[in-house]
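S.K.: The structure is given below, and queries will be raised subsequently.
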């Protein structure tokens, strides 16, 4: 059961892509490839042991982790649901550049080379909140080749106990052309 839930959790974090992004996906009965989500990636990079959809992280962190409105390296930026990003988003601060700019490491934000679930490292996020409190940010979006135009709402930052460590390369594997029988069998009990 735990393996089934873990596999299902990989599919649980939203991407800011709009429904129009899937217009070329005409075969509604075809299967989508599995891809890396923001939640397990942020948990691995930050060491913050929170589970569940990204939009639940802020509330779950209360009383368990220090939280605030100031970015720090290693902290998780918790995005609130907004527009097509109904499950929220989480990203880890890799570097603070100044009072209005940070670099983020996160997964499943920009489709890169037409593929979702990609990891992006050291991408720019700009505080666009009127009070300079990091309650709204614009984030680098690869298809545009620049910071996007949407002001994404942010709940705040979750600070873990882990000190930022030297950058390490996580293993990356290309997506399979066909889904494995083992992966499909994990969801067999959910079919009609």
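Residue numbers (my numbering): 535 to 726.
The beta-carbon is built from N, C-alpha and C at its ideal position, and this holds for glycine as well.
Could you give the DSSP three-state label for residue 574: helix, strand or coil?
M.R.: The answer is helix: DSSP assigns residue 574 an H, G or I state.
S.K.: Taking contact to mean at least 3 C-beta pairs separated by less than 8 Å, is the segment 591–601 in contact with the segment 634–648?
M.R.: The answer is no - the segment 634–648 does not touch the segment 591–601, with fewer than three Cβ pairs under 8 Å.
S.K.: Where residue 618 and residue 651 are concerned, what is the direct C-alpha to C-alpha distance, given to the nearest angstrom?
M.R.: About 16 Å.
S.K.: Please give the ranges of any beta strand (DSSP E) in the segment 605–648, keeping only runs that are unbroken, at least 3 residues long and fully inside the region.
M.R.: Entirely contained in the segment 605–648, the beta strand (DSSP E) runs reaching 3 residues are, in chain order, 610–613, 623–632 and 635–641.
S.K.: I need the DSSP call for residue 579, collapsed to helix, strand or coil.
M.R.: In the structure shown, residue 579 sits in a helix (DSSP, three-state: H, G or I).
S.K.: Start and end of the beta strand (DSSP E) containing residue 593?
M.R.: Unbroken run through residue 593 is the alpha helix (DSSP H), 591–595; no beta strand (DSSP E).
S.K.: Measure the alpha-carbon distance for residue 557 versus residue 608 and round it to whole angstroms.
M.R.: Residue placement at residue 557 cannot be trusted, given a pLDDT of 38 that sits under 50; the coordinates are not used to answer.
S.K.: Find the nearest neighbour of residue 613 within the set 636, 690 and 694, judged by alpha-carbon distance.
M.R.: Out of 636, 690 and 694, 690 has the C-alpha closest to the C-alpha of residue 613.
S.K.: Can you name, in chain order, every residue of its own chain whose Cβ lies under 6 Å from the Cβ of residue 610, other than the five neighbours on each side?
M.R.: Result list for residue 610: 576, 580, 582, 624, 626 and 692, in chain order.
S.K.: Taking residue 654 as part of the beta strand (DSSP E), name the residues at either end of that continuous run.
M.R.: Counting along the chain, the beta strand (DSSP E) containing residue 654 begins and ends at 653–661.
S.K.: Roughly how many angstroms lie between the CA atoms of residue 672 and residue 688, to the nearest whole one?
M.R.: So the alpha carbons of these two residues sit roughly 10 Å apart.
S.K.: If you compare alpha carbons, which of 629, 637, 587 and 601 is closest to residue 658?
M.R.: It is 637.
S.K.: Considering residue 687, what are the terminal residues of the beta strand (DSSP E) in which it resides?
M.R.: 686–693 is the span of the beta strand (DSSP E), which, as asked, contains residue 687.
S.K.: Which same chain residues end up closer than 6 Å to residue 674 when comparing Cβ atoms and leaving out the 5 residues on each side of it in sequence?
M.R.: Answer for residue 674: 657, 658 and 681, listed in chain order.
S.K.: Would DSSP call residue 588 helix, strand or coil?
M.R.: Three-state result, residue 588: helix.
S.K.: Can you list, in chain order, the residues of its chain whose CB lies under 6 Å from that of residue 559, leaving out five sequence neighbours each side?
M.R.: Bear in mind that the predicted position of residue 559 carries a pLDDT of just 35, short of 50, making it unreliable; the figure below should be weighed with that in mind. So no residue of the chain qualifies.
S.K.: Straight-line CA distance for residue 654 to residue 599?
M.R.: Distance between the alpha carbons of residue 654 and residue 599 is about 25 Å.
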